[in-house]
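What follows is a single structure, written as structure tokens, with notes after it.
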Amino acid sequence: MILDQLKNKSWILVLIILLVGLVVRLKNFTVLPLDAHSMRQTDTECVTYFLYSGKASFFKPKACLMRPVSNIDGYFFLEMPFYEGLIALGYKVLGPEIWVGRLVNLILYILGSLALFDLLKKWINKETAILGLIIYSFMPGSIFFVGHALHPDAMAVSFILVSLCLMWHYKENGKKINLILSGLMLGISVASRPFGLICLPLLGYFLWLRKSKIWDYLIIGLMGIMFYGWWRWWTKYLNIDVSWENWVLFGREKMMDLGILKNLVWKNVAGETMGKTASGLAMLGFLVGIFKKDRKIIPLALWGIGVFVYWLMVPNGNLIHQYYADVYIPLIVILAAMGLNFIWSKSKILVVLVLPVLIYNGIRVSNYHFQLEIEADIDTKVAEEIKKEVGEDKKIIYLARANSVPLSLSHRQGWMLGEWPTDVAGQIWSFMEMRNFKFDYIVEPKHKMDLKTEDWDIIKMNYPLVKSGEKINIYRYQ
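Using the numbering used here, you'd call the opening residue of the sequence shown number 1 and step up by one each time.
Laid out in structure tokens, this is it:
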């Protein structure tokens, strides 16, 4: 009877934590995805919309931003669209509303949270599980990128946690279905964000605890890469050019610069993704594990080494975008929970003092991500005009550098200004070249011009003005 009451109390606490976590993630719930990394978010939503509307298929997804310039069908092969497909399914049931994507994120947050709690409760203890759930629920990156943003990281991170949980169940009961499902969850996660493979040491450790045969390791390894590997092959088979995304692989020499490295660790990772409080607790958990000679620290340390390897493999991505750290949120959560549990064993009062700081830090830092982009209002109005004046099957050159948001919000395909041949170059010759790529209109935003005035004056001579609206001018290719 007493044990049952304790179990009930722990689940009540879990439900309270999840409820508060959900409330925190309701911010901007019905707002267009124009907060942090709006280009990536609106591009994701556009892929989703085309899947929903039947203008693209799961195996040939399309985006609004067309890259490179020769990709005249606008194919989108950066990730296998499991995440976009899930939201598209929600669109079919509930309608193509932004909040449907956010609802999917909340479901993924709950799924990942319950998997984390179940894993830590069985692997370590109930106290660590509850503390880990609190930490995960209030990490800045978890609040925004896993629980809010229209971003494949929401699925990638949640499915890593589910994969780990299922693998622990396989270690405990030996049911092959748990091994297969663990591999399946890992495979979907990796197909969404391939860097999630760095969690393999912990999966392998659970197999080692079970004294598994080599076949189990091969199964989890092969299933982990099967979707992503097939997707790369399929991209090559279709002859789709995704080389423009190789920018994430450059900049390795910058990792040798202590100032830049400090910015990566202190700002991107510890600051904006994990939160400095959680990062400090993770360091404490790591040191406690070493001094106590806890075997659990070995696979976690190997996962940590994988993070450094990941930095070196994808330096620019990690240096420029903080969400590249999302795939090791589970690692930091586990280590931080171990650190906070150590404090709990020494002083429960101190934990009571630390938790408000952790929660405040997470919410305050995540608020930075929730802020709308500077030109959000103008981009929305431009998109409305494009949607009204340009047919769905027409392709546009939008005269803004590094801003495809109006294209995606209007669900119209086209190019933006940037570096040739990824985007349209800001010179006259590139507009002559673009005649080969079947564009229909040039759209000029009236609030800014990212072309030189003299170049634009010459370009306009070749394309007649067909519409002058409140926010845009539209020129037709003839």
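Idealized CB from N, CA, C, for every residue including glycine. In this text the structure is predicted, and so the values were computed from the model without any measurement.
Residue nearest to residue i in terms of C-alpha spacing, selected from the options
| i | options | result |
| --- | --- | --- |
| Arg193 | Asn125, Ile225, Glu172 and Pro201 | Ile225 |
| Glu172 | Asp118, Ser142 and Val190 | Asp118 |
| Asn178 | Leu13, Leu238 and Met167 | Met167 |
| Ile320 | Ala278, Trp233 and Lys262 | Lys262 |
| Asn246 | Gly95, Gly426 and Pro68 | Pro68 |
| Val24 | Phe138, Arg102 and Pro81 | Phe138 |
| Gly306 | Glu419, Phe195, Met434 and Ile134 | Phe195 |
| Ile359 | Ser243, Thr277, Leu312 and Arg435 | Thr277 |
| Arg232 | Val327, Leu203, Ala191 and Leu202 | Ala191 |
| Ser243 | Ser70, Leu417, Met461 and Ala88 | Ser70 |
| Ser345 | Ile98, Gly285 and Lys381 | Gly285 |
| Leu340 | Gly132, Ile12 and Trp123 | Gly132 |
| Gln41 | Lys126, Val248, Val14 and His369 | His369 |
| Thr48 | Ala400, Lys62 and Lys176 | Lys62 |
| Ser38 | Pro406, Lys471, Val443 and Arg435 | Pro406 |
| Gly85 | Gly74, Tyr441, Gly101 and Tyr75 | Gly101 |
| His411 | Glu433, Val424 and Glu385 | Glu385 |
| Gly391 | Val443, Val357 and Asn361 | Val443 |
| Ile350 | Leu281, Tyr217, Asp35 and Leu300 | The sequence as given places Leu at residue 350; Ile does not occur at that position. Considering only alpha carbons, the answer is Leu281. |
| Val248 | Phe206, Val314, Arg210 and Ile220 | Val314 |
| Lys438 | Trp415, Met283, Val31 and Trp208 | Trp415 |
| Val309 | Cys199, Gln322 and Asp379 | Cys199 |
| Pro33 | Met449, Gly251 and Ser404 | Ser404 |
| Glu373 | Ser113, Lys121, Ala36 and Leu209 | Ala36 |
| Phe76 | Trp99, Leu51 and Lys92 | Leu51 |
| Asp379 | Lys122, Ile472, Ile458 and Val20 | Ile472 |
| Leu238 | Leu258, Lys387 and Phe59 | Phe59 |
| Asn105 | Leu150, Leu89 and Gly74 | Leu150 |
| Lys9 | Lys126, Gln371 and Tyr109 | Lys126 |
Residue i - DSSP class collapsed to helix/strand/coil
| i | result |
| --- | --- |
| Lys171 | helix |
| Lys467 | strand |
| Val100 | helix |
| Val93 | helix |
| Val424 | strand |
| Ile343 | helix |
| Ser404 | coil |
| Thr44 | helix |
| Lys176 | helix |
| Lys460 | helix |
| Asp216 | helix |
| Ile240 | coil |
| Ser70 | coil |
| Asn28 | coil |
| Ala88 | helix |
| Leu203 | helix |
| Phe195 | helix |
| Phe50 | helix |
| Lys388 | helix |
| Val14 | helix |
| Phe82 | helix |
| Pro450 | The displayed chain sequence assigns Asp, not Pro, to residue 450. Coil. |
Residues sharing a beta bridge with residue i, DSSP
| i | result |
| --- | --- |
| Tyr441 | Ile396 and Arg476 |
| Glu415 | As written in the sequence, residue 415 is Trp, which differs from the Glu given in the question. Answer is Ile397, bridged to Trp415. |
| Lys60 | Ser57 |
| Tyr75 | Lys62 |
| Ala288 | In the sequence as displayed, the identity of residue 288 is Val instead of Ala. Bridge partners of Val288: none, in fact. |
Presumed contact (8 angstroms Cβ cut-off) between residue i and residue j, rounded CB distance
| i | j | result |
| --- | --- | --- |
| Met255 | Ile332 | Not really, about 20 angstroms apart at Cβ, beyond 8 angstroms. |
| Leu111 | Ser158 | 5 angstroms |
| Val327 | Ile160 | 7 angstroms |
| Cys64 | Ser279 | About 36 angstroms separates the two Cβ atoms, so there is no contact after all. |
| Asp154 | Val146 | First, the residue type needs correcting, since residue 154 is Ala and not Asp in the sequence shown. About 5 angstroms; that satisfies the 8 angstroms criterion. |
| Gly498 | Lys296 | Outside the modelled stretch of the chain, which goes from 1 to 478, sits residue 498, for which no answer is possible. |
| Arg401 | Gly418 | 6 angstroms |
| Pro356 | Glu272 | Rounded, the Cβ-Cβ distance is 20 angstroms, inconsistent with contact. |
* **Minimum length 4: unbroken alpha helix (DSSP H) runs contained in the segment 92-156** => 98-123 and 126-137
* To do: Only counting runs of 4 or more residues, tell me where the alpha helix (DSSP H) segments fall wholly within the segment 256-313, in order along the chain.
  => 258-262, 276-291 and 297-313
* Unbroken alpha helix (DSSP H) runs of length 4 or more, entirely within the segment 311-386: which are they? -> 315-320, 329-346 and 348-370
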